[in-house]
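Residue numbers (this note's numbering), protein chains in the order written: chain A, 15 to 611; chain B, 15 to 611.
For glycine and all other residues, C-beta sits at the position ideal for the given N, C-alpha and C.
Given the structure is predicted, the values throughout are model-derived calculations rather than measurements.
Right, one structure below, let's go through it.
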């Protein structure tokens, strides 16, 4: 390691060099901390430095001018053949080898714990946070990288590298945004192929948090629901709570790929303690495989071991082993039987008291142990939702210049018969009763839509009142329930398809399900099953059942916009799509192409 | 302390007595650990022991037989003049005086931290859990009581005592159920009057957790929404996460009584770290009072102190001071300025790294510090929702034997004009169109309700088809939206009133607001404002506005069932209550009196 400093001859007793070009040996990696990043980069180019990590800020983190400065810097680095990490990066730490190119204050720790978890973080501070919290628990780390603004090397490329890194077993991501969804998606698939699970914590669950994350990173705004869909699609486990990110790692071996709610068997030495986890599991839709085995004051290690064995052999997807006060001073009572259990199924443990030694015992044994009941439940729910990366339907379709109803008809979605009619006669061949719309109007509230026009006389009167030369005439349809089906080329993750219950109430409740597009009919059925409001057409309270299959076909059809040549569509929406006992029919449609005003 | 043991002469080197009656000195408090609780109690009676705490189980925790055994025991204790704590109690600990009548394993800790927080817990283990976790953080305790089955001394009475206890500043409750809501409610009001905040964690957020809590306590099942309403009514702060229960205590001084969302000012040395809290705050409806003051790498203590001062003087209800890596080894950078801040407004802190020393510094200074971003946000949201105990409307009304529409009319709720009509003529004076119902039928799905009957001929035909001697005729009404208004005498907390959006979708989404009954019209307006679905009548997307005031009047009217002499009504529901531009009207009603089959 060679200190480079233009004004000091010595740094911490080491000889300092004025410029990196003065160093006589070949420098592999430079860490730039000064304001004149551009000059330092030039020097790196001259000195043949392969990678420059940049701590300095004032780039994409600093508004429009900063963005331009960053683009210039990245361009120049390419010319010079220097790869960049940052700017705004806290650097790189490789724990097992003791390499630290970083300003992270966590390096003041007397020892850093080595392990096989590697972290890529968009927040430099959080890298230190995770490392220090893990160290206190006996959780060790391999490589830690703070990516900063990702002007060059990004999360996706690092995941590719970690997927191929023998020292890494699990990849942990702390994300504020996703800058290259395609590359990260491909890297996640490579990691899966290499047997390396990825777990992510991403800010932006609420618009407040999203804005906070963006304000100090200069990132794009995508939809959080789209990101959820994206992570699931790539086989990335998304956790809801910060500590879960670390605590879940031992649990991640391979995706359970469940198509039903996960089931947990519970063994505990404290009824109240187990209930704190079970209460949260219920909130997340997890089920119990049988009654809780409550061994409060019921004996020692042999009793606990026997109950644990019984739980492991039960019809469950994972075992929750909760331990009360004995976890603090008497690990031999219950913690040791857990640590020694033959792990056929996933085991997670929650220790109710302050139990640092027991947490370390579990960590050493590779068993997921949780400090809080909430993180424990979060981890189980995230684990059960974990699926193998999805193979998306492929192909290419040509949608030409079709708009609105024409486009959806072309995709294969049934559309209510319609025609354009011209003033003053407004002649058309749609059977009455019909609806009447001023072109471009979509909501009855606007006054440009008239429903239930009885006959031609009525039509002429009402069309004239609309004061339009041309009106859209559409057959009145009736059905059981309104749905909404949408497509969006999300700026962050790309094409997604959405289905939800229609109408004002459903809009207020945001009762929708989003997946990466395209989806198959079977996947669309899964989406529909997750929309609460569709209970009304799934046989709720003896109400008639709607044609869910036709709805799924419509969702799959709309999702195929993702296969359109050049992906010209920005957003498309059928609202409402009327679900009938037999079939579905689109009553209104909106399409926005990229480049539309 | 005198060991009592029928078979040993000595216990841990102390002389043991065969029976408590053998002890020559006056015994104040006995702790019974043996199976023959009944005999031990007789001895206590003879020996003039004032209080017997019972660790032994096999009472209400053990099914119907156990419940009977407990009733006998409690009865006998009353006769003997012995107060009981338990059965199934882990006992009592008074930390400042060093008194411990308990089997809790937490007592193996080298020292117990003294402080002014007292805990009453329905789970004995969780008492130790809270004590050991608090100790590791520098949070101290005064009195800790494990109430077990509450055969005699219960949570309510203990809160009364703690409200009057000079050593107690904050009262913490770990609850699995509420066994005497009236007494706890009165005690909570006494604690408020004494300036002592109460904070509760209660299991049963999900039905899974509720069942888990009940299975090992033999408690009654109430509705969690009703409990939420109850806690709010009594001025008890309810937290969502276990650690929040301890961590929030320094924050609780007096209720902010906000009638709008709480506003937080944020100062941080880590953008990502602050965003982890802010993201959750957004999910809980909390707002920011201004941009986040992000001081990442921006200097030392003076800069932080100045920003903190600015935040404290801003238009906010609380300040969130987040600290990154410096919290681990350099508390002088940001933690000390926080600890030294002149506290005019509530301050909460979140330290991102493992930072035990900083957490202890904050605890010593009486500043609420959080280990996780989620608990920090939970605490702020719970704090902002905290209100002074409510003074409920009082009085008594007489509802006689009225049922259904008659009862609601009598309460002052407008009801759609109706009449009973008799076969074969079905004569009535309600103007057409009308709805037709077979008595006792409430849903169109059942086939016993016919809507839109046009004229008397139509009526006779359709009434005959219903195959009933008497039918209910009701004027057809139209309006903007359906609401549901309900009343329930909850078995745990007593009378509650509920309002929600009507219809199948709203039912599926459980979009309802519950309060303790009765409520005033103004309180009903607050309830309505919290129901998402009513957005549709609050001027959403230019839709016409509904008569929210009339709806509030109807809610207040229904809530007055809580004032009915003898509280004869178990449940009552108007579904739907039609909300019109001008007024509301009940279209269907159900009333169940106590004792009805």
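Reference residue i; option with closest CA among the options
i: residue 402 of chain A; options: A/419, A/245 and A/15; result: A/245
i: residue 158 of chain A; options: A/35, A/352, A/175 and A/360; result: A/175
i: residue 242 of chain A; options: A/511, A/77 and A/170; result: A/511
i: residue 453 of chain A; options: A/447, A/464, A/445 and A/306; result: A/464
i: residue 9 of chain A; options: A/304, A/341 and A/273; result: Missing from the structure shown is residue 9 of chain A; chain A here goes from 15 to 611 and no further.
i: residue 649 of chain B; options: B/182, B/171 and B/205; result: What is shown of chain B runs 15 to 611, which leaves residue 649 of chain B out entirely.
i: residue 141 of chain A; options: A/90, A/260, A/380 and A/29; result: A/260
i: residue 329 of chain B; options: B/301, B/381 and B/412; result: B/301
i: residue 38 of chain A; options: A/60, A/22, A/134 and A/25; result: A/60
Three-state secondary structure assigned by DSSP to residue i
i: residue 489 of chain B; result: strand
i: residue 528 of chain A; result: strand
i: residue 509 of chain B; result: strand
i: residue 500 of chain B; result: strand
i: residue 127 of chain A; result: coil
i: residue 560 of chain B; result: coil
i: residue 293 of chain A; result: helix
i: residue 385 of chain B; result: coil
i: residue 395 of chain B; result: helix
i: residue 411 of chain B; result: strand
i: residue 363 of chain A; result: strand
i: residue 11 of chain A; result: Residue 11 of chain A lies beyond the stretch modelled for chain A, which goes from 15 to 611, so this question has no answer here.
i: residue 57 of chain A; result: helix
i: residue 108 of chain A; result: strand
i: residue 71 of chain B; result: coil
i: residue 215 of chain B; result: strand
In DSSP terms, what residue i is bridged to
i: residue 24 of chain B; result: B/29
i: residue 451 of chain B; result: B/463 and B/486
i: residue 585 of chain B; result: B/502 and B/606
i: residue 282 of chain A; result: A/308 and A/336
i: residue 277 of chain B; result: B/301
i: residue 132 of chain B; result: B/185
i: residue 432 of chain A; result: A/488
Status (buried if at least 16 other CB within 10 Å, exposed otherwise) for residue i
i: residue 541 of chain B; result: buried
i: residue 595 of chain A; result: exposed
i: residue 443 of chain B; result: exposed
i: residue 263 of chain A; result: buried
i: residue 84 of chain A; result: buried
i: residue 148 of chain B; result: buried
i: residue 415 of chain B; result: exposed
i: residue 11 of chain A; result: With chain A covering only 15 through 611, there is no way to say anything about residue 11 of chain A.
i: residue 96 of chain A; result: buried
i: residue 471 of chain B; result: exposed
i: residue 409 of chain A; result: exposed
i: residue 238 of chain A; result: buried
i: residue 53 of chain B; result: exposed
Assumed close pair residue i, residue j - CB separation to whole angstroms, cut-off 8 Å
i: residue 455 of chain B; j: residue 466 of chain B; result: Between residue 466 of chain B and residue 455 of chain B the Cβ distance is about 16 Å, and since that is not below 8 Å, they are no contact.
i: residue 266 of chain A; j: residue 213 of chain A; result: 6 Å
i: residue 215 of chain A; j: residue 256 of chain A; result: 6 Å
i: residue 589 of chain B; j: residue 498 of chain B; result: 4 Å
i: residue 126 of chain A; j: residue 115 of chain A; result: That belief does not hold up - the Cβ atoms of residue 126 of chain A and residue 115 of chain A are roughly 14 Å apart, past 8 Å.
i: residue 545 of chain A; j: residue 561 of chain A; result: About 15 Å separates the two Cβ atoms, so there is no contact after all.
i: residue 307 of chain B; j: residue 321 of chain B; result: 5 Å
i: residue 222 of chain A; j: residue 293 of chain B; result: 7 Å
i: residue 211 of chain A; j: residue 184 of chain A; result: 5 Å
i: residue 575 of chain A; j: residue 586 of chain A; result: 6 Å
i: residue 522 of chain B; j: residue 557 of chain A; result: At roughly 11 Å, the Cβ-Cβ gap does not stay under 8 Å, so residue 522 of chain B and residue 557 of chain A are not in contact.
i: residue 489 of chain A; j: residue 430 of chain A; result: 5 Å
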